Amino acid sequence: ITLDKKQGGIYMKINEIFENKDLVFSFEIFPPKTTSSVKTIYNTLEELKDLKPDFISVTYGAGGSLVNNRTIELSSLVKEKYGVEAVAHLTCINSTKKEIDYILDNLKSKGIENVLALRGDIPEGQTLRGDFKYAYELISHIKERGYFNIAAACYPEGYVRGRDLKEDLMHLKLKEESGASHFISQLFFDNNYFYNFLEEKDKLNIKSSIEAGIMPVTNKAQIERITSLCSATLPEKFVKIVNKYEHEKEALRDAGIAYAVEQIVDLVSSGVQGIHLYTMNNPYVARKITESIDSIRNSINKKRVV
5 ITLDKKQGGI YMKINEIFEN KDLVFSFEIF PPKTTSSVKT IYNTLEELKD
55 LKPDFISVTY GAGGSLVNNR TIELSSLVKE KYGVEAVAHL TCINSTKKEI
105 DYILDNLKSK GIENVLALRG DIPEGQTLRG DFKYAYELIS HIKERGYFNI
155 AAACYPEGYV RGRDLKEDLM HLKLKEESGA SHFISQLFFD NNYFYNFLEE
205 KDKLNIKSSI EAGIMPVTNK AQIERITSLC SATLPEKFVK IVNKYEHEKE
255 ALRDAGIAYA VEQIVDLVSS GVQGIHLYTM NNPYVARKIT ESIDSIRNSI
305 NKKRVV
């Protein structure tokens, strides 16, 4: 059941949020380690809830089994305990349809209606098995089942560094045709790459809404780990900030927050449909950024209020 916004309700399907807001603002969190209690994230969720995100996505926890999947547990907690719509990440690499259906059945039983469908990283040194090689195959499988609203990932600088962006855009088109209703981008630090990406996807008549993924960098080790895992380019002014304050923890944290806010202000002022904040489970950083853009967020969405 979807409640009407005029009645003060919440939207259950994320595509409905995009249809009824000019700017969607959301967070990503990750499950605690399997050796820790899920209660370790309660305080984080309590603070994030107060910031009134449109939804919170929950990453597919590393090491989680089909039987004890922290993503399902945490997604249910976000929605039922904290009253925020949840999007559960789901990866398909090395999974069978039976295994994926087991997870989808569990998500449905918990009232989770939104899934971020991903291929996932190919395990190093392992032989591929299972029924899925690409995210669009997972999207198509979920779509056939009905019930779920499906999000997917996109890559403003390409999924693989140096690969032709047009190839990634064709995959994006295929994901949309398979049933994805909106996309969340990988993080980036130069908005020009995102704007170029939007121009190129328009040429392919890709109509789905796209959220810009923003990650505030708060320490040098973090950025080194990130850039080793993805193809994000580091602009010169960003590198200067990191090098200047790398040994001053609070200074780098605040500079990273300021840089993220500058990115967001530029993006939303240019008409970007949504901002997805990679919080790294850090409510302080999420709060500082949210408070910095509150008036802007309200200004953009105020015409939707009846």
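In the working numbering, the protein residues as written are 5 to 310.
Virtual Cβ for every residue (Gly too), placed ideally from N, Cα, C.
Quantities reported herein were computed from a predicted structural model and do not represent experimental measurements.
#### Entry: Alpha-carbon to alpha-carbon, isoleucine 143 and lysine 248
C-alpha separation (whole angstroms): 44 Å.
ask   = For proline 127, is the classification buried or exposed, using 16 other Cβ atoms within 10 angstroms of its Cβ as the cut-off for buried?
value = exposed
CB of isoleucine 227 within 8 Å of CB of alanine 264, strictly: no
- Count the other CB atoms within 10 Å of the CB of serine 40; is the residue buried (16 or more) or exposed (fewer)? Around the Cβ of serine 40, a 10 Å sphere holds fewer than 16 other Cβ atoms; the residue is exposed.
Practice prompt. Using three-state DSSP, classify asparagine 223 as helix, strand or coil.
Written response: coil
Requested in this report: Give the single residue among Glu84, Thr75, Ile21 whose Cα lies nearest to the Cα of glutamine 277.
Outcome: Ile21
Reduced DSSP secondary structure (H/G/I, E/B, other) of alanine 3: No information on residue 3 is available, as it lies outside the stretch 5 to 310 that the chain covers here.
Does DSSP put valine 71 in a helix, a strand or coil? Residue confidence is low: valine 71 scores 49 on pLDDT, short of 50, so the model does not pin down where it sits. No coordinate-derived value is stated.
Quick check on lysine 10: buried or exposed, where buried means 16 or more other Cβ atoms within 10 Å of its Cβ?
Per-residue confidence for lysine 10 stands at a pLDDT of 32, beneath the threshold of 50, marking its modelled position as unreliable; the derived number appears in the next sentence. By the 10 Å Cβ count, lysine 10 comes out exposed.
Q: Could you pull the start and end residues of the beta strand (DSSP E) that tyrosine 282 belongs to?
A: 278 to 282
Inset, instruction - Give, in chain order, every unbroken run of the alpha helix (DSSP H) that is at least 4 residues long and sits entirely within the region 41 to 104. - result: 46 to 54, 74 to 84
Output the distance between the C-alpha atoms of aspartate 109 and alanine 121, rounded to the nearest integer angstrom.
-> 15 Å
Where lysine 241 and proline 287 are concerned, what is the direct C-alpha to C-alpha distance, given to the nearest angstrom? 26 Å
Give the straight-line distance between the Cα atoms of glutamate 204 and tyrosine 197, rounded to the nearest whole angstrom.
-> Going by the C-alpha atoms only, they are around 11 Å apart.
Does the Cβ-Cβ distance between asparagine 73 and asparagine 118 come in under 8 Å? Inclusion of asparagine 73 and asparagine 118 in the CB contact set at 8 Å is not warranted, their separation being larger than that value.
Below 6 Å CB to CB, which residues in the same chain sit around lysine 101 once its five sequence neighbours on both sides are set aside? Asp135
Please work out which residues of its chain come closer than 8 Å, Cβ to Cβ, to alanine 290, disregarding the five sequence neighbours upstream and downstream, and give them in chain order. Phe31, Glu51, Leu52, Leu55, Leu281, Thr283
Please classify glycine 87: is it buried, with 16 or more other beta-carbons within 10 angstroms of its beta-carbon, or exposed? So glycine 87 ends up on the exposed side.
* Asked: When we look at the beta-carbon of lysine 170 and count the other beta-carbons within 10 Å, is it buried (16 or more) or exposed?
  -> The C-beta of lysine 170 has fewer than 16 other C-beta atoms within 10 Å across all chains shown, which makes the residue exposed.
Take the Cβ of glutamate 295 as the centre, count every other Cβ of all protein chains shown within 10 Å, and call the residue buried at 16 or more, exposed below. By the neighbour-count rule (16 or more Cβ atoms within 10 Å), glutamate 295 is not buried but exposed.
Original post:
Expressed to the nearest angstrom, what Euclidean distance is found between the alpha-carbon atoms of glycine 67 and aspartate 270?
Top reply: The pLDDT assigned to glycine 67 is 46, lower than 50, so where the model puts this residue is not dependable; a value taken from the coordinates is nonetheless given after this. Distance between the alpha carbons of glycine 67 and aspartate 270: 38 Å.
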